[in-house]
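Protein chains in written order, with the numbering used here: chain A, 1 to 663; chain B, 1 to 87.
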Amino acid sequence: MKKIGVFICHCGSNIAGTVDIDKVNEEINKYPGVVYAEDYVYMCSDPGQKLVENTIREKKLDSVVVACCSPTLHEVTFRTTCELAGLNPYQCEIANIREQCSWVHEDKKKASEKAIKIIKTIIEKVNQNESLKPISIPITRRALVIGGGIAGIQVSLDIANAGYEVLLVEKNPSIGGHMIQLSETYPTLDCSQCILTPKMVEVSRHSKIRLLTYSEVQEVTGYVGNFNVKVLKKPRYVIEDKCTLCNKCVDVCPIATASEYDRNLAARKAIYLPFPQAIPATYTIDAEKCPGFLPIACGKCAEVCEPKAIDFDMQPEIIEEKVGAIVVATGYDLYSVKNLPEYGGGKLEDVMDGLQFERLLSATGPTGGEIRRLSDNKVPKRVIFVSCVGSRDTEKHLPYCSKICCMYVAKHAMLYKHKVPDGEAIIFYIDVRAGGKGYEEFVTRAQKEDEVIYIRGKVSKIFRDNGKIVVMGADTLIGKQIEVECDMVVLSTAMVPNKDIKDLLSKLKIAADEYGFLSEAHPKLRPVESISAGFFVAGAAQAPKDIPEAVAQASGAASKVTDLFSSTELKHEPVVACVNEDICSGCGICIPLCPYGARELEIVDERRIAKVNDVLCEGCGCCIAACPTGATGQFNFMDRQVYNMINAALTVREDERTNGKIK
Amino acid sequence: MKVFLNGLKVIKGEVFIMKDRCKGCGFCVTCCPMDVLEVSKKFNVNGYHFPVVKNPDDCINCGLCEILCPDFAIWSVLKEERQVVEV
């Protein structure tokens, strides 16, 4: 029998409130193998850890059980403490008497008995624990960044500037994301393009960044430090290096279609440059619209192209790369107005979403920055901005707050007033949430200096009547229903995750919440890491956020990636499956069951044996349960340990038996 | 879908058909990249279904119908260069 020390934590009153610590201590002290048992109010505090460390040394303990909270919280803490005291960290186990006992029970007596049993099972387990060593795995110090918006750009630049290679994959023909569509940015009203384009150029010129635009991640295999990714590079049918941006092809192209960059407010040709500052600066042929793929139907662009940059025979390319970490920065889309029939469902003219209004405001927009109506080209004299469209609507739409709308409606109204000083800007709002540096001042400025009218209430219906748009809603401050006529309506529709996120999630196998926003490992303490090791999240792919927050999170994710890359090798948990080769029959049942591809058949001395790839194994136990011969086990979860644990849990005390409680 | 004028111009063509020359092979209808043509329900003098213009506004004067027609019965000419107002 080993010499085992047990340390019982009160966790303030979290555990001690429901569990009789003295009784537990007394019981455990009597248990065979336990040479020392002690309790302390906060075992994870410095004095608590010192107590564990010193006791290990003084009592020459072989193993340690800490009865406290969940192992996800403090297993690492106490294993590190054991290591400091010269004990193998895998000789330390956590007995969870908080989440699995004190928090879920009220009866002190029963909870105490349960706590004792939990601790006893863990004592039995640790009694036969082996001293394991972490498995070392090499690491590829190259990162994959998915998404070339502001978050993806910032992550890429930060990682590249730290000296590591970056593969930046963007689905669209140019990087820039939604930020490049914006006119000015709150609260300083600096031009979005002016602050973003230098970063875009930096990305394209950085020696450590390989930019793959018009590309999509097709497949990701492997594990942290050693991912294999396949990226599909769609053909743009224009050779980037040859194109001189002369624009002759665009002039002759006979096909016009809606411009995505201008949110359908302007037209573009089938061969197009998304916007003048696009990176990479080259045209792309929209294969869906171009008639040139029918032989000899059209080739007007190729005819006029002097440098012969157009190649209709260009094929999709699959690029395979090894990376060590993956940052997902796929950004957001706007909740479609089509989902809102009460607001016209996208069919009412001059009712637009926030990004469309950004394009109207922008100097590079379809009107060159003038505010005009699409229906009659006139300047609207009264514009109504509706916030919380689709957001904060638990009944019909999305329950969450999209966070940025309060600020950008104030900006929209302000900029509209700057451009149309005799116009009237009215904002319908539920609350004004202006939490941020300089944000409240910005909203106050819109109200006081630019005389933007704020009406508190929800809009119930928007319709057209005699050429005017009528907005029907409540004014909850005067307690009346109101109808306001106007010339234009801007809907601040909710932020939703990128529409392609589901497809990507199934390839990456990382978690997202019910709306499709990526889940972080811990909402407060690990906000940039995904639960799956090696994956990081940045920007609005995780939750609605504005530019400063997206940039901050991007830099956070980049620092986590560089942290990962700073060591030459990774440590992998050694609690993995193992095979007793003498018993293994080589049936191979374990192989298709393994979700990580860690089991494989090998021929050893003319016998088939199912081996375990330690590096890939995550210790899920799937193969162990399936193994018909019992050849597969798991380090520190061996059958004999588990049986002993069950025995400890089910053993009934003599006094209970005699009381007639249990027969 | 209506769009703002941004100086973008497109070429429009006009299709001419000599229906009595047609012997109904249908090459022009199937190969038109813009789906401008369709087969008429009527017969020409020789008893063939000849093509008619279904979407005159969509013709881009590519001339593919003209090249493919075995009977020199169809051709297009440049009609105008037009500002894009709708897509």
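Using N, Cα and C, we set each Cβ at its ideal position, and we do this for glycine too. These numbers were taken from a predicted model, which means no experiment stands behind them.
Could you tell me the alpha carbon to alpha carbon distance between leucine 360 of chain A and leucine 5 of chain B, rounded to whole angstroms? 13 Å
From valine 579 of chain A to lysine 23 of chain A, what distance separates their C-alpha atoms? Those two C-alpha atoms are separated by around 41 Å.
Below 6 Å CB to CB, which residues in the same chain sit around tyrosine 214 of chain A once its five sequence neighbours on both sides are set aside? Pro173, Lys234, Arg236
CB-CB length for valine 203 of chain A against isoleucine 279 of chain A, believed under 8 Å: 7 Å
Please list, in chain order, the residues of the segment 161-194 of chain A that have any C-beta partner in chain B closer than 8 Å. none
Hey, isoleucine 159 of chain A and leucine 196 of chain A are a contact pair by Cβ (cut 8 Å); roughly how many whole angstroms apart? About 18 Å separates the two Cβ atoms, so there is no contact after all.
Residue span of the beta strand (DSSP E) that contains arginine 82 of chain B, given as start and end: 74-83
Reference proline 592 of chain A, options A:Gly292, A:Lys120, A:Ala626, A:Val615, closest by Cα: A:Ala626
Check each candidate in A:Thr140, A:Lys2, A:Ile116 and name the one with the smallest Cα separation from asparagine 129 of chain A. A:Lys2
When burial is assigned at 16 or more other CB atoms within 10 Å of the CB, is alanine 111 of chain A buried or exposed? buried
Identify each residue in the segment 37-64 of chain B for which the Cβ-Cβ distance to at least one residue of chain A is less than 8 Å, and report them in chain order. So the close ones are Ile60, Asn61, Cys62, Leu64.
Identity of the residues DSSP links to arginine 142 of chain A by a beta bridge: A:Glu165
Starting from aspartate 333 of chain A, follow its DSSP beta bridges and name the residues at the other end. A:Val496
Which term fits leucine 415 of chain A, buried or exposed, when burial requires 16 or more other beta carbons within 10 angstroms of its beta carbon? buried
Taking the alpha helix (DSSP H) that glutamine 641 of chain A falls in, what are its first and last residues? Its alpha helix (DSSP H) spans residues 639-650.
For threonine 244 of chain A, tell me which candidate among A:Ala256, A:Leu273, A:Lys269, A:Ala267 has the shortest Cα-Cα distance. A:Leu273
What are the boundary residues of the beta strand (DSSP E) that proline 51 of chain B is part of? 49-53
Note down the Cα distance separating valine 561 of chain A from lysine 117 of chain A, rounded to an integer number of angstroms. 42 Å
Between the C-alpha atoms of leucine 398 of chain A and glycine 390 of chain A, what's the straight-line distance to the nearest angstrom? 6 Å
Measure the alpha-carbon distance for proline 380 of chain A versus serine 259 of chain A and round it to whole angstroms. 23 Å
Proximal residues of chain A, C-beta to C-beta of lysine 2 of chain B below 7 Å: Leu374
Nearer than 7 Å: is that true of the beta carbon of leucine 78 of chain B relative to any heavy atom of the ligand ZN? Looking for the ligand ZN in the displayed structure turns up nothing, as the structure carries no ligands at all.
Just mark proline 366 of chain A as buried or exposed, buried being the case when its beta carbon has 16 or more other beta carbons within 10 Å. buried
Can at least three beta-carbon pairs, one atom from the segment 371-385 of chain A and one from the segment 507-518 of chain A, be found at a separation below 8 Å? no
Where does lysine 23 of chain B sit, in a helix, a strand or coil, going by DSSP? Lysine 23 of chain B falls in the coil class under three-state DSSP.
Between the Cα of serine 460 of chain A and the Cα atoms of A:Asn644, A:Ala474, A:Thr568, A:Lys448, which residue gives the shortest distance? Ranked by how close their Cα comes to the Cα of serine 460 of chain A, the residues A:Asn644, A:Ala474, A:Thr568, A:Lys448 have A:Ala474 in first place.
If distances are taken between C-alpha atoms only, which option among A:Pro316, A:Glu606, A:Asp582, A:Gly621 comes closest to arginine 599 of chain A? A:Gly621
Below 8 Å, how does it come out for the segment 89-107 of chain A and the segment 136-146 of chain A: are there three or more Cβ pairs, yes or no? no
Whole angstroms is fine: what's the gap from glycine 7 of chain B's alpha carbon to threonine 364 of chain A's? 14 Å
In chain order, which continuous runs of the beta strand (DSSP E) of length 3 or greater are located wholly inside the segment 371-407 of chain A? 382-389
For leucine 294 of chain A, which residues in chain B fall below 8 Å Cβ to Cβ? Cys31, Pro33, Leu64
Alpha carbon to alpha carbon, how far is threonine 188 of chain A from serine 387 of chain A? So the two alpha carbons sit approximately 21 Å from each other.
State whether the segment 74-83 of chain B contacts the segment 52-65 of chain B, with contact taken as three or more CB pairs (one from each stretch) at a distance under 8 Å. yes
Residue range of the alpha helix (DSSP H) that alanine 550 of chain A falls in? 547-565
What would DSSP say about serine 519 of chain A, mapped onto helix, strand or coil? coil
What residue range is occupied by the uninterrupted beta strand (DSSP E) comprising glutamine 49 of chain A? In this chain, glutamine 49 of chain A is not harboured by any beta strand (DSSP E); it is covered by the alpha helix (DSSP H) spanning 46-59.
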